[in-house]
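Asker: Let me begin by handing over the structure; questions about it come next.
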Amino acid sequence: MSRLALPLAVLLLAIFTASGSFSCPKRLPCHCYSNDVNTYAITCLTNAFTNSAFKITYQPGDLVQIQCENSPNWSRLLQGTIIDIGFVREFVFTDCEPPGPAYSSRIINEQLRVQNVKYLKYENLIAPLSAQDLDVFPDVKHLELTNNPLGELGVPRDLLRGLPVLNILELRNTNLQKIPRGFFDNSRFLRTLELSNNNIKSLTPGVFDGLEKLQLLNIQENDLRELKPDLFRGLKSLESLDIHQNSLKTLPVDIFADLENLESINLGVNNFTSLPDDLFLYNPKLKVVKLLYNKCNLTTLPSRFFSNLTNLKDVTLMRNGIRYLPEDLFWYSTNIVKLNLNRNYLQTLPFNLFKDITELETLTLFFNDLQYLDAGIFFNNKKLRKLDLSKNRLRFIDELTFAGLESLQELFLEYNELSYIDAKAFAPLGQLRFARFANNKLTLDNSLADDFGQFSPFYSCSSLEELNLAHNNITKMYSDWTITGTNLRILDLSYNSFESLQAEDLQFMSNNIEVDLRYNNIHHVNLANLEFISANESGNPRQASIFLSSNPIHCDCKIYDLVRYLDQQMDFPSSTKIYVEDMACDGPKHMAGLLVSRLKSHSIKCLTETCTSDSTCDCWMRPSDSTLLLDCAGRNLTNPPSWIDTHGAERVELDLSRNKLGKGPNMTAKGYNKVVRLNLSENKIIAVDESLITPKLKILNLHDNKLTSMNSEVLRKLANDSMISQLTLRGNPWICDCSSRDLLFYVRSSFKQLPDLLNITCRNSNVSLSSLLPVELCPTSNRLIIMIYLIICLFALFLGCASALYYQFQERIKVWLYAKNLCLCLVTDDEMDRNKTYDAFISYSHKDEEFVMNELVSKLENGPKPYKLCIHVRDWLIGEWIPMQIARSVEESRRTIVVLSPNFIESIWGRMEFQTAHKQALSDKRARLIVVVYGEIGPTDKLDPELRAYLQMNTYVKWGDPWFWQKLNYAMPHLARLPEQVDQENNCSSTINRAIVDEKQINEKETVIETLKEMSS
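Here the sequence shown stands for residues -20 to -1, 1 to 997, where the numbers follow mature numbering (1 follows the signal peptide of the UniProt record, and there is no 0).
Structure below.
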């Protein structure tokens, strides 16, 4: 080492100095520039007319490449300028005619001064190469002449004379059909020789003489038809020999006799029909043998062909047409690790074929004609890790077929004819990780079972990670896949014969597992127990992906829980993903073609067996709310079904529409007690019995029948004793007379339950029943009207005369009597207003609430003569119709105090309250309206016409008037009772008012309707 250290240091210093000090010469008659870090480009134009030029790429210390364009003249390179390149590792000539004897030394040694080139390459030679072209590179160890037409240009015998240290010679694809004798005489240090793809037809013995250090010889892809016995004589150091892709038919028995160090040989792609028995007798170090893709059927190999090769590790015998193998083929070659017998015609394997290959790790027998394997054939292969038996004709695997394979991790048996596997066949395969059995005829049915259910022959393979059983006839999920297979990551069961799945089939103990169940015959997926099973799992939820697309799923009630899961309505761990992708319903008919992923759980329904006495009806079950949907519509029925079998449903929806029924069903019959929806529309029903209204009935459709009336008992039951939220009555010939008075009350009081309220019309007219008044339903006779009218006229005449006398002195009389509390019957309102609840109803804008509450209410209710007032914020019922409450408040009050302010004028409800009170006053012909002007209301000509007219024709009280309270008290009702009597009488009057509330509601609503009509006009 000390002898080499100093020269090596000097060499590295010289290289570093050369690579670090170069710069383009200033007087260089060429264009020189640096186009990259540590890369220089020099272009020397030698002939402007022909555009001939040299392009030099220089990377100091690494590379010099001379590229010639249009055959430049070497004499004009750099025009004599010297570039001291020095040490460089690679030198490449591209598209050049070699400099030849005249210029090689001058250019390389004198002008470029190149030294110590180790790698020399010529690309696309256009002229013959001479020994002088190589003599100038005495230090070259690697010469590459690949892809040059040396066969046409010619190769001199002494070409390599000046390369004494050459180690690697590449002559690939040179069309060098013949190698001159003595060509390698001066290459005694050659270690690698590449002669492939040269169309060499023959090699003369002695051509490789002297190459005692040659380690790799590649003569592949030629046209050799025969090799002479002593062709490789003297190649004692040869380790790798490649003669594949020639036309050899056989080999001399001692062709490799001198290759005592041979380790690798490739004999593939030849025309061998036979090989000598002791071909490798003298090659004890042989490690790799490749004999593959033979162009003729080799049929078999000689006995003991690979025997006693204790260093042999890798044997490839692929695609040779071998039909049978001798039993002793590998005897005593104990160290073979990899054996490839793919793509032959083997039908059987000798029982002892593998007995001595105890180190075997990989055995591939892919694409043969094997029909069976002897039990125990692999008994000695305890280190075997991969066994590929795909694409054979194996029909069964018995209990001992794989005995001894305790280290096996990969087992491939795709594309066989397997229909039976013994239940204990895989018992030795405890280390098996990957098992591929796709494209067979397996069902895996056996009698093996435990507390968790039936298990498959793979139950002993506890290390199994991938199990591919696609394209078989499997119909069930086995417990060792779901429960005990904790390492399973991929389970491919696509293209099998599954017809149904249960929730238990999708509970995998393995984490991060993918289960492919696509392209089966799955009609039903029942996940009813999925939530229960999930709730009882312990530990963290395991990741699982289940693929179910491309199955003919039947979208009946059994799919309900699957749809509920997809609809995210199921309490189930999100870590388990079920993918249906583009799976569409295959049935029933009403669901066919619908994508399962778009279904909603509440829309799932399914036909069930007959559930009524009438077999023409369709019975559907809707699992989302446990409802039986009984469809008897349009069946021409004259009588309803006499009973219903609910099949365990909690409720029933019965559709009897579009039939010829004269009456409704008997709701006391079997099953009718669960009816929540009853559709009797479009029949011929003329009457409704009260028994039709059951406690559970919520929706009743009676539209488009022959109903003319409805008795009071039915209406009472509808109003008070039923849960009905929707009732349809349109399209019936209702008689609108006195008999319909109760129906009118019900219609008006139950408008929320009647979606077709305005379409309930009287027969022979298009008038809505709800718009009629009771008086219009039941008008009084003309004689009675005339008598009442005469009595009123006589009374009015008498009253007029009395009033005329009283009118002249009324003020004095009233004030005196009121002040003295005498004859109050003449000045009080008690008699006419005895039944009214309130003394006054105060109508005001909510913006004036502070004034009303602090001034008016406090002093009127708490004064020496307390009044009972009606104020909407205190006395109105929450939720009632506002117009009806206005009408009732005005009706039940002796006076209406209108607080007229700018805010009141802008209020729509204020206007309604004023108009209602005004109409009531006009109707009663009494001064019931008291107007209190609060604030500046502006010119009266801008007020509502009715309000303006009232102010112009009546007096009013203005806030701020010194006599405000005296005038207001006098305008209020004149009480003939003591203050302490107020509460007692109010209680009594409230009781009386409640007794007639129904009648008042009718009249109030009519008043409201009239008011709204006038406001809108």
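For every residue, glycine included, the Cβ atom is placed at its ideal position computed from N, Cα and C.
Remember, it's a predicted structure, so these values are computed and weren't measured experimentally.
Counting only the same chain and skipping the five closest in sequence on each side, list residues whose C-beta sits under 6 Å from that of Arg638.
Answerer: Sequence index remark: in the sequence shown, residue 638 carries index 658 (1-based). Cβ within range, chain order: Ala613, Gly614, Glu662.
Asker: Measure the C-alpha to C-alpha separation of Ser3 and Glu132 and round it to an integer number of angstroms.
Answerer: Against the sequence shown, residue 3 aligns to sequence position 23. Against the sequence shown, residue 132 aligns to sequence position 152. If you take the alpha carbons of Ser3 and Glu132, they lie about 41 Å apart.
Asker: Taking only runs of the beta strand (DSSP E) that begin and end inside the region 77 to 148, which ones reach a length of at least 3 residues, in chain order?
Answerer: Listed in chain order, the complete beta strand (DSSP E) runs (minimum 3 residues) inside the region 77 to 148 are 99 to 103, 122 to 124.
Asker: Can you tell which of Tyr914, Thr920, Ala951 has its C-alpha closest to the C-alpha of Asp941?
Answerer: Mapped onto the sequence shown, residue 941 falls at position 961. Considering only alpha carbons, the answer is Tyr914.
Asker: Pairs of beta-carbons, one from the region 617 to 629 and one from the region 568 to 577, closer than 8 Å: are there three or more?
Answerer: As far as the Cβ criterion goes, the region 617 to 629 does not touch the region 568 to 577, which means the pair count is below three.
Asker: Could you name the residues of the same chain whose beta carbon sits closer than 7 Å to that of Leu468, not counting the 5 residues immediately before and after it, in chain order?
Answerer: Residue 468 sits at position 488 when you count from the first residue of the sequence shown. Counting only Cβ-Cβ distances below 7 Å, and skipping sequence neighbours, we find Leu444, Glu445, Leu447, Trp461, Ser490, Ile493.
Asker: Considering only residues of the same chain and omitting the five flanking positions on each side of Glu756, which have a CB-CB separation below 6 Å?
Answerer: As a first step, residue 756 must be located in the sequence shown, where it is residue number 776. Nothing meets the Cβ criterion.
Asker: What's the C-alpha gap between Leu156 and Ile180?
Answerer: Locating residue 156 in the sequence shown gives position 176, where the first residue counts as 1. Locating residue 180 in the sequence shown gives position 200, where the first residue counts as 1. The alpha-carbon atoms of Leu156 and Ile180 are separated by roughly 7 Å.
Asker: Write down the C-beta distance between Val94 and Lys121 rounded to the nearest angstrom, noting that I regard them as a contact closer than 8 Å.
Answerer: By one-based count along the sequence shown, residue 94 stands at place 114. By one-based count along the sequence shown, residue 121 stands at place 141. Actually they are not in contact, since the Cβ atoms of Val94 and Lys121 sit about 15 Å apart, beyond 8 Å.
Asker: How is His11 classed by DSSP in three states: helix, strand or coil?
Answerer: Position 31 of the sequence shown, counting from 1, holds the residue named residue 11. Of the three classes helix, strand and coil, the one that applies to His11 here is strand, per DSSP.
Asker: Under 8 Å, Cβ to Cβ, is there at least one residue of chain C near Arg696?
Answerer: Absent here is chain C; the protein component of the structure consists of one chain.
Asker: Work out the CA separation of Tyr652 and Cys716 for me, nearest whole Å.
Answerer: For the purposes of this step, residue 716 is taken as the residue at position 736 of the sequence shown. For the purposes of this step, residue 652 is taken as the residue at position 672 of the sequence shown. Looking at the two C-alpha atoms, the distance is approximately 33 Å.
Asker: Going by DSSP in three states, Trp943 sits in which element: helix, strand or coil?
Answerer: Against the sequence shown, residue 943 aligns to sequence position 963. Trp943 falls in the coil class under three-state DSSP.
Asker: Tell me which residue opens and which closes the alpha helix (DSSP H) that residue 999 is part of.
Answerer: The requested residue 999 is not part of the displayed model; the chain covers only -20 to 997.
Asker: Between Ser887, Arg875, Ile917, which has its C-alpha nearest Lys899's C-alpha?
Answerer: Residue 899 sits at position 919 when you count from the first residue of the sequence shown. Among Ser887, Arg875, Ile917, the Cα nearest to that of Lys899 belongs to Arg875.
Asker: What separation, rounded to the nearest whole angstrom, lies between the Cα atoms of Ser477 and Asp496?
Answerer: Within the sequence shown, residue 477 is the residue found at index 497, counting from 1. Within the sequence shown, residue 496 is the residue found at index 516, counting from 1. Taking the straight line joining both Cα atoms gives about 13 Å.
Asker: DSSP on Asp430, reduced to helix/strand/coil?
Answerer: Locating residue 430 in the sequence shown gives position 450, counting from the first residue. Asp430: strand per DSSP, three-state reduction.
Asker: Quick check on the burial criterion: 16 or more other C-beta atoms within 10 angstroms. Buried or exposed for Gly162?
Answerer: In the sequence shown, residue 162 corresponds to position 182, counting from 1. Exposed, by the Cβ-count rule.
Asker: By Cβ distance, which residues of its chain are closer than 7 Å to Phe512, with the 5 residues on each side in sequence left out?
Answerer: Taking the first residue of the sequence shown as position 1, residue 512 is located at position 532. Taken in chain order, the list of residues that qualify is empty.
Asker: Does the separation of the CB atoms of Phe212 and Gly190 fall below 8 Å?
Answerer: Here residue 212 corresponds to residue number 232 of the sequence shown, with the count starting at 1. Here residue 190 corresponds to residue number 210 of the sequence shown, with the count starting at 1. Not a contact, by the Cβ cut-off of 8 Å.
Asker: Is the beta carbon of Ser106 less than 8 Å from the beta carbon of Glu77?
Answerer: Taking the sequence shown and counting its residues from 1, the one referred to as residue 106 is at position 126. Taking the sequence shown and counting its residues from 1, the one referred to as residue 77 is at position 97. Note that residue 106 is Ile in the sequence shown here, rather than Ser. Result yes, Cβ atoms of Ile106 and Glu77 sit closer than 8 Å.
Asker: If you reduce the DSSP assignment to three classes, tell me which class Leu909 lands in.
Answerer: Along the sequence shown, one-based indexing puts residue 909 at 929. Three-state result, Leu909: strand.
Asker: Would you mind working out which of Leu58, Arg544, Asn500, Gln523 sits nearest Ser530, comparing C-alpha positions?
Answerer: Indexing the sequence shown from 1 puts residue 530 at position 550. Checking every option, the nearest Cα to that of Ser530 belongs to Asn500.
Asker: Could you check which residue in Asn15, Pro52, Tyr20, Cys586 has the C-alpha nearest to that of Ala33?
Answerer: As a working mapping, residue 33 is identified with position 53 in the sequence shown. Comparing Cα-Cα distances from Ala33 to each of Asn15, Pro52, Tyr20, Cys586, the minimum goes to Pro52.
Asker: How about Leu353 and Leu329: do their beta carbons lie closer than 8 Å?
Answerer: In the sequence shown, counting from the first residue as 1, residue 353 sits at position 373. In the sequence shown, counting from the first residue as 1, residue 329 sits at position 349. Yes. Within cutoff.
Asker: Cα separation between Asp594 and Leu636?
Answerer: Counting from one through the sequence shown, the residue named residue 594 turns up at place 614. Counting from one through the sequence shown, the residue named residue 636 turns up at place 656. Approximately 12 Å, taken between the alpha carbons.
Asker: Have a look at Arg721, Thr674, Ser719, Gly711 and flag the residue whose alpha-carbon is nearest the alpha-carbon of Arg700.
Answerer: The sequence position of residue 700 within the sequence shown is 720, counting from 1. Arg is not the amino acid found at residue 700; the sequence shown has Asn there. Asn700 has its Cα closest to that of Thr674, out of Arg721, Thr674, Ser719, Gly711.
Asker: Which of helix, strand or coil does DSSP assign to Arg161?
Answerer: Residue 161 sits at position 181 when you count from the first residue of the sequence shown. Coil.
Asker: Taking the continuous alpha helix (DSSP H) assigned at Val727, which residues delimit it?
Answerer: Indexing the sequence shown from 1 puts residue 727 at position 747. First-last of the alpha helix (DSSP H) with Val727: 721 to 729.
Asker: In the DSSP assignment, find the alpha helix (DSSP H) that holds Lys839 and state where it starts and stops.
Answerer: On the sequence shown, residue 839 is found 859 positions in, with the first residue counted as 1. Run containing Lys839: 838 to 842, per the alpha helix (DSSP H) assignment.
Asker: In whole angstroms, what separates the C-alpha of Thr423 from that of Leu221?
Answerer: As a working note, residue 423 is residue 443 in the sequence shown. As a working note, residue 221 is residue 241 in the sequence shown. So the two alpha carbons sit approximately 50 Å from each other.
Asker: In this structure, what does DSSP give as the bridge partners for Ser32?
Answerer: Locating residue 32 in the sequence shown gives position 52, counting from the first residue. Answer is Asn27, bridged to Ser32.
Asker: Look at the alpha carbon of Asn104 and the alpha carbon of Pro129, and state the distance between them as a whole number of angstroms.
Answerer: By one-based count along the sequence shown, residue 104 stands at place 124. By one-based count along the sequence shown, residue 129 stands at place 149. So the two alpha carbons sit approximately 8 Å from each other.
Asker: Taking three-plus beta-carbon pairs below 8 Å as touching, is the region 280 to 288 in contact with the region 224 to 239?
Answerer: The answer is no - the region 224 to 239 does not touch the region 280 to 288, with fewer than three Cβ pairs under 8 Å.
Asker: Any idea which residues DSSP pairs Ala613 with across the strands?
Answerer: Walking along the sequence shown from the start, residue 613 turns up at place 633. In the DSSP output, where bridge partners are listed per residue, Ala613 has none listed.
Asker: Out of curiosity, what's the CA-to-CA distance linking Ser671 and Val656?
Answerer: Within the sequence shown, the letter at position 691 stands for residue 671. Within the sequence shown, the letter at position 676 stands for residue 656. In a straight line, the C-alpha of Ser671 is about 14 Å away from that of Val656.
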